[in-house]
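Notes follow once the structure below has been shown.
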Amino acid sequence: MTNAWKTYSEQEKKEVMDFNDSYIDFLSKGKTERLCNQYIIELAKGFGYRNINEVIENHETLKPQDKVYFNMMNKSVALIHIGNEPIEKGLNIVGAHIDSPRLDLKQHPLFETDGLAFFDTHYYGGIKKYQWLAMPLSLYGVVCLKDGTTVDVCIGDQEGDPVFCITDLLPHLASDQMKKGAGEFIEGDNMDLIIASIPANDEEKDAVKKNVLNILKEMYGIEEEDFVSAEFEIVPFGKAHSAGLDHSMVLAYGQDDRVCAYTSLVAMLEQGDLDRTAAALLVDKEEIGSVGATGMHSRFFENMIAEVLEAMGDYSDLKVRRALQNSYALSNDVVAAHDPNYASVSSPHENMGQFGHGLAFAKYTGSRGKSGSNDSNPEYIAKLRKIFEEANVIWQTSELGRVDQGGGGTIAYILANYGMQVIDSGVALQSMHAPFELSSKADVYEAKKAYSAFIKNCK
Ligand SMILES: [Zn+2]
3 MTNAWKTYSE QEKKEVMDFN DSYIDFLSKG KTERLCNQYI IELAKGFGYR
53 NINEVIENHE TLKPQDKVYF NMMNKSVALI HIGNEPIEKG LNIVGAHIDS
103 PRLDLKQHPL FETDGLAFFD THYYGGIKKY QWLAMPLSLY GVVCLKDGTT
153 VDVCIGDQEG DPVFCITDLL PHLASDQMKK GAGEFIEGDN MDLIIASIPA
203 NDEEKDAVKK NVLNILKEMY GIEEEDFVSA EFEIVPFGKA HSAGLDHSMV
253 LAYGQDDRVC AYTSLVAMLE QGDLDRTAAA LLVDKEEIGS VGATGMHSRF
303 FENMIAEVLE AMGDYSDLKV RRALQNSYAL SNDVVAAHDP NYASVSSPHE
353 NMGQFGHGLA FAKYTGSRGK SGSNDSNPEY IAKLRKIFEE ANVIWQTSEL
403 GRVDQGGGGT IAYILANYGM QVIDSGVALQ SMHAPFELSS KADVYEAKKA
453 YSAFIKNCK
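For the sequence shown, the positions run 3 to 461 when the working numbering is used.
Okay, here's the thing in structure tokens:
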């Protein structure tokens, strides 16, 4: 394995740092899948991508080198850059997810108890619940009103905003709590966000709650019943950080999997003319099984390919199927990095991702004997080795830890359902799924380089 830092010239090191500055900016602005969706579409438009729904409505035709995007319910985005070759020959696809573990507000979130007002939450994705206690949190969301309008809410990250928190028990009174396993430190239903403590003057019962409703009415024009058609996410407060004395790392919320989403996106946008058609899938709901209309199990990407073929005057059901089956895909998701503090769970003998050793490939993921894994084909891996060697990409292989220690999945197996070649590849993280995750800037940079070479040269 090669340490990427040892290979960089001063100029390259500067490129690594500059690229990561833009990545840090993306993380700071894209703290929910909806905000990532907006950011991605704005950026793509600047590179000539057009909304495919407008192409359809205006009965326009598409031709090679045209670029289109599809916005799936403001939570997922698919980009297609049409190449010179017929689409039925297959696409080069990079896929990543833009949802991250967090706390969501319940449908009836607001309650008052003992003179304090709270929001009740339900966590999303695999978290260690105790990590979310006693730290500043921000609130993002949309409230959809009966008149068809949507109110955007973001509280916490703007200058002068208040923040929120879930309290933890003081050690002095925690003798019972400290005997529990970490999973029981706090029960899911006790993850209540404290939001206010001033009572409304004219109320006797639930006066603090009444005051909260007055504030919400004044600031956003929303009533208590509007929470039923709202979606609120609680995320760690603050911006993404450059980390380490040597600035070699990024410490931030949401790097799983926005690190792969951002690098896939930039790799897609920086392409010149292409031979094979390229696609980027930046999708929602991976953390809860890729289900729902905006997750990878949804058919929107397949439908989009059909629409593109139709707009090129070349549609048939068979061509859509051929296009998918003849595709090559990189399922770009984070992998666990070797952490010297927890070395006993690492896969031994160079089978674990290491910080600074480049993009990490996982032939298989899954758990208990590769269960649930897309076990990628060596013929395909050989093809990729050649592409990365020619593009001077630093890469490594990785599995998700020691055998039978746990495991996990990605969107790879869903793409593989179409019969295409797929492999998992991503950036290795420490503290994955924690409120703040750690990555190596070299790995972020190498990921972008690898995805770009794949999009251009895989055939
Ligand atoms: Zn994850």
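All residues carry an ideal CB built from backbone N, CA and C; glycine is no exception.
Query: Endpoints, the alpha helix (DSSP H) within which Lys-69 is located; Result: Where Lys-69 is concerned, there is no enclosing alpha helix (DSSP H), although the beta strand (DSSP E) it sits in stretches over 69-74.
Query: Pairwise C-alpha distance: Glu-448 and Val-293; Result: 30 Å
Query: Inter-residue CB distance, His-99 and Asp-228 (contact presumed, cutoff 8 Å); Result: In fact, because the Cβ distance is near 29 Å, the residues do not count as touching under 8 Å.
Query: Residue interval of the beta strand (DSSP E) (run including Gly-97); Result: 93-99
Query: CA nearest to the CA of Ser-433, picked from Phe-357, Asn-379, Lys-148 and Gly-371; Result: Phe-357
Query: Whole-angstrom distance between Pro-342 and Met-75, CA atom to CA atom; Result: 42 Å
Query: DSSP bridge partner residues for Asn-334 (one or two, in chain order); Result: Ser-427
Query: Lys-131 beta carbon less than 7 Å from that of Ile-188; Result: yes
Query: Ser-30 (DSSP reduced to helix, strand or coil); Result: helix
Query: Cβ shell of Asp-377 (< 7 Å), same chain only, five flanking positions each side left out; Result: Lys-365 and Tyr-366
Query: The stretch 333-347 contacting the stretch 400-418, beta-carbon criterion three pairs below 8 Å; Result: yes
Query: Three-state class that DSSP yields for Tyr-125 in the structure shown; Result: strand
Query: Best match in Gly-408, Gly-411, Glu-226 and Asp-275 for proximity to Lys-65 [C-alpha to C-alpha]; Result: Asp-275
Query: Asp-426 versus Ile-413: straight-line alpha-carbon distance, rounded; Result: 9 Å
Query: Val-153 versus Val-145 - alpha carbon distance; Result: 5 Å
Query: At least three beta-carbon pairs within less than 8 Å, the stretch 8-17 to the stretch 37-48; Result: no
Query: With 16 other Cβ atoms within 10 Å as the buried cut-off, status of Asn-39; Result: buried
Query: Near ligand 1: Glu-35 beta-carbon under 6 Å from a heavy atom; Result: no
Query: Assigned secondary structure, Arg-323 (DSSP; H/G/I helix, E/B strand, else coil); Result: helix
Query: Beta strand (DSSP E) runs wholly inside the stretch 342-417, at least 3 long, in chain order; Result: 361-364 and 397-399
Query: Bridge partners - Asp-194, DSSP secondary structure assignment; Result: Asp-122
Query: First through last residue of the beta strand (DSSP E) which encompasses Tyr-142; Result: 139-146
Query: Asn-22 vs Lys-443 beta-carbon contact at 7 Å; Result: yes
Query: Beta carbon of Gln-273 nearer than 7 Å to that of Tyr-420; Result: no
Query: According to DSSP, residues forming a beta bridge with Asn-53; Result: Tyr-71
Query: Beta-carbon spacing of Ala-209, Ala-198 below 7 Å; Result: no
Query: Ligand 1 heavy atom lying under 6 Å from the CB of Asp-170; Result: no
Query: Minimum Cβ-Cβ distance from Ala-202 to chain C less than 7 Å; Result: Here chain C cannot be found, since the structure has a single protein chain.
Query: Three-state secondary structure assigned by DSSP to Ala-80; Result: strand
Query: Extent of the continuous beta strand (DSSP E) to which Glu-114 belongs; Result: 104-115
Query: Pair within 7 Å by beta-carbon distance, Ala-242 and Leu-93; Result: no
Query: Helix, strand or coil at Ala-313 according to DSSP, with G and I counted as helix; Result: helix
Query: Contiguous beta strand (DSSP E) assignments of at least 3 residues, all confined to the stretch 199-283; Result: 232-238, 243-245 and 251-254
Query: Own chain residues within Cβ distance below 6 Å of Asp-277, not counting five before or after; Result: Gly-85, Asn-86 and Glu-87
Query: Which residues DSSP lists as bridging Leu-440, in chain order; Result: Leu-253 and Gln-432
Query: Distance, Pro-111 Cα to Asp-191 Cα; Result: 11 Å
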